[in-house]
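Written out below as structure tokens is the structure these notes cover.
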């Protein structure tokens with residue numbers, strides 16, 4: 065065999081001794097994009113919780129003042145919880161000092177100081193519950209750690225309640241209760257979690273390996289209270305959180321009721337403004353009709369501007385000014401006649417809904433209807449009856465109507481006196497009722513009638529005074545400028561509108577005519 069026969073063919077690779085064969089690599093596996101690793105979702109959720117946990121730790125690290133909310137009671141009763149809790153804090157301080165000095169073998173200085181700090185934490189919780197929680201927890205941890213050296217050596221007979229003594233559990237429970245009443249729930253849960261973690265570190269890591277808990281064969285070195293303390297704290301937190309939620313719900317209900325009442329009053333104002341607009345429409349329409357007639361007749365009187373034409377043009381101008389004045393009085397409030405007028409004082413029988421608006425000429429009919437409903441009504445009109453603006457007469461009628469309706473509703477069987485005083489500058493209306501003869505039945509009214517009076521008087525630039533009388537009755541007094549425009553000479557009220565003598569009280573105007 066020749067050497068050429070031993071030469072390998074060109075197509076084969078020569079394997080050297082120091083070049084071992086390469087193992088075949090397994091095919092690469094690809095993870096579908098839709099199936100991320102199992103730990104990715106949990107890590108993302110944990111990262112999302114970090115800002116929340118940082119917020120809780122920040123609130124716990126910066127304890128702010130959170131005093132007890134004021135109670136709607138007498139002053140001495142409002143201070144009663146503070147006094148009671150301070151006495152409880154004093155008792156817990158004495159009990160904790162005795163427990164820590166005796167059972168924990170901490171000695172008089174450290175045990176007494178720790179007991180005083182625990183009691184002070186309970187009292188501090190009235191104003192700064194977060195700081196009180198830190199103080200109570202820190203004192204308990206320091207006392208439990210200091211007592212560990214004594215428990216390692218073993219106690220004769222019975223060991224103490226460790227790591228939470230009975231006074232410490234009681235003090236911390238009070239602190240947690242006050243904490244749950246004043247701070248957000250997340251902060252309370254964070255404080256409870258840190259307390260449970262500190263208890264676990266003390267009982268399981270420090271206490272477990274070194275001591276003999278109750279039930280072991282060698283005898284007890286301490287009675288473990290870690291689980292009991294955490295359960296008690298959790299129950300107290302649940303109770304305080306429930307009471308806080310109930311108080312907040314009650315506060316929200318009161319606020320909602322107040323908002324509802326304000327909304328009802330606002331809606332009433334809007335409805336009454338619409339009614340005032342409809343009422344003044346008749347008054348303004350009258351003036352506009354006069355303007356139209358005079359403007360139509362004036363060119364046909366004479367060709368040259370005579371005195372008659374000038375008078376008609378002056379009349380057009382005056383009526384236009386009056387119409388504009390009435391348009392400025394659209395704002396106001398007035399209770400609707402139906403169905404809010406149960407005594408039928410709004411209109412007599414057979415009056416159509418679109419009838420002209422009432423004036424003081426119909427006052428006698430209003431008084432007769434009120435007498436028929438059971439009130440003894442007398443009227444007195446004093447002074448020279450000068451012409452009044454239509455809006456003033458309408459408002460005076462409505463004020464008397466509402467005052468009589470209120471007397472029927474709230475003072476059944478009383479005597480009512482209606483007084484009208486005419487002055488050169490305006491009209492004063494005064495309605496006074498005596499003490500009711502019998503208790504009034506419950507009324508669904510919410511004070512919208514008085515609100516309507518005030519809005520109508522303010523619309524005309526007048527003054528309204530309402531007050532109870534010294535005899536147990538009620539008085540309504542209003543002054544309305546004659547033209548419906550307030551005069552700078554009108555003074556503010558200076559007397560009591562509830563007086564029942566003949567003096568014009570509480571309103572601007574003249575002396576008695």
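In the numbering used here, the protein residues as written are 65 to 577. By construction, the Cβ of each residue, glycine as well, lies at the ideal position given by its N, Cα and C atoms.
I'd like the list of long-range same chain contacts for residue 174, defined as Cβ closer than 7 Å, with 5 residues on each side in sequence excluded. 210
What did DSSP end up calling residue 68 once you bin it into helix, strand or coil? Because the pLDDT of residue 68 is 44, which lies under 50, any placement of that residue in the model is unreliable, and the number read from its coordinates should be weighed accordingly. Note: residue 68 maps to helix in three-state DSSP.
Reduced DSSP secondary structure (H/G/I, E/B, other) of residue 264: helix
Taking all protein chains shown into account, do 16 or more other C-beta atoms lie within 10 angstroms of the C-beta of residue 151, making it buried, or fewer, making it exposed? exposed
Could you check if residue 171 is buried or exposed, using at least 16 other CB atoms within 10 Å of its CB as the buried criterion? exposed
Which of helix, strand or coil does DSSP assign to residue 445? strand
When the Cα of residue 484 is compared with those of 460, 333 and 466, which residue comes out closest? 460
Beta-carbon contacts of residue 470 that lie in its chain and below 7 Å, excluding the five residues immediately before and after: 513
Would you mind working out which of 167, 383, 262 and 246 sits nearest residue 291, comparing C-alpha positions? 262
Helix, strand or coil for residue 322? Go by DSSP, reduced to three states. helix
Whole angstroms is fine: what's the gap from residue 199's alpha carbon to residue 182's? 7 Å
Going by DSSP, what residues sit across from residue 146 in a beta bridge? Answer by DSSP bridge pairing: none, since residue 146 is not bridged.
Below 8 Å on the Cβ atoms is my contact criterion, and I expect residue 453 with residue 526 to pass it. Report the Cβ-Cβ distance as a whole number of Å. At roughly 12 Å, the Cβ-Cβ gap does not stay under 8 Å, so residue 453 and residue 526 are not in contact.
How big is the Cα-Cα spacing for residue 491 and residue 546? 6 Å
For residue 208, the nearest candidate out of 147, 286, 494 and 195 (CA to CA): 286
Which residues in the same chain have their Cβ closer than 7 Å to the Cβ of residue 478, if we skip the five residues on either side of it in sequence? 439, 471, 497, 498, 499, 500, 501 and 537
According to the Cβ coordinates, are residue 544 and residue 529 closer than 8 Å? no
For residue 226, three-class secondary structure by DSSP: strand
Note down, in chain order, each residue of its chain lying with its Cβ closer than 6 Å to the Cβ of residue 289, except the 5 sequence neighbours on either side. 225 and 228
Residues sharing a beta bridge with residue 543, DSSP: 492 and 527
If we ignore side chains and look at the alpha-carbon of each, how far apart do residue 591 and residue 267 end up? What is shown of the chain runs 65 to 577, which leaves residue 591 out entirely.
Go ahead and pull the three-state DSSP assignment for residue 190. coil
Does the Cβ of residue 449 have 16 or more other Cβ atoms within 10 Å, making it buried, or fewer, making it exposed? exposed
So the candidates are 316, 524 and 462; which of them puts its Cα closest to the Cα of residue 489? 524
In its own chain, which residues sit with a C-beta less than 7 Å from the C-beta of residue 193, not counting the 5 before and 5 after it? 130, 239, 242, 243, 246 and 247
Out of 177, 310, 534 and 434, point me to the one whose CA is closest to residue 158's CA. 177
Alpha carbon to alpha carbon, how far is residue 154 from residue 535? Give it in angstroms, no decimals. 55 Å
Helix, strand or coil at residue 431 [DSSP, three-state]: helix
Within 10 angstroms of the Cβ of residue 295, are there 16 or more other Cβ atoms? Answer buried if so, exposed if not. exposed
Per DSSP, what kind of secondary structure is residue 453 in: helix, strand or coil? coil
Rounded C-alpha distance that separates residue 264 from residue 257: 11 Å
I believe residue 482 touches residue 456 by the beta-carbon criterion, under 8 Å. Please report the beta-carbon distance rounded to the nearest angstrom. Not quite, the Cβ-Cβ distance comes to about 17 Å (not below 8 Å), so this is no contact.
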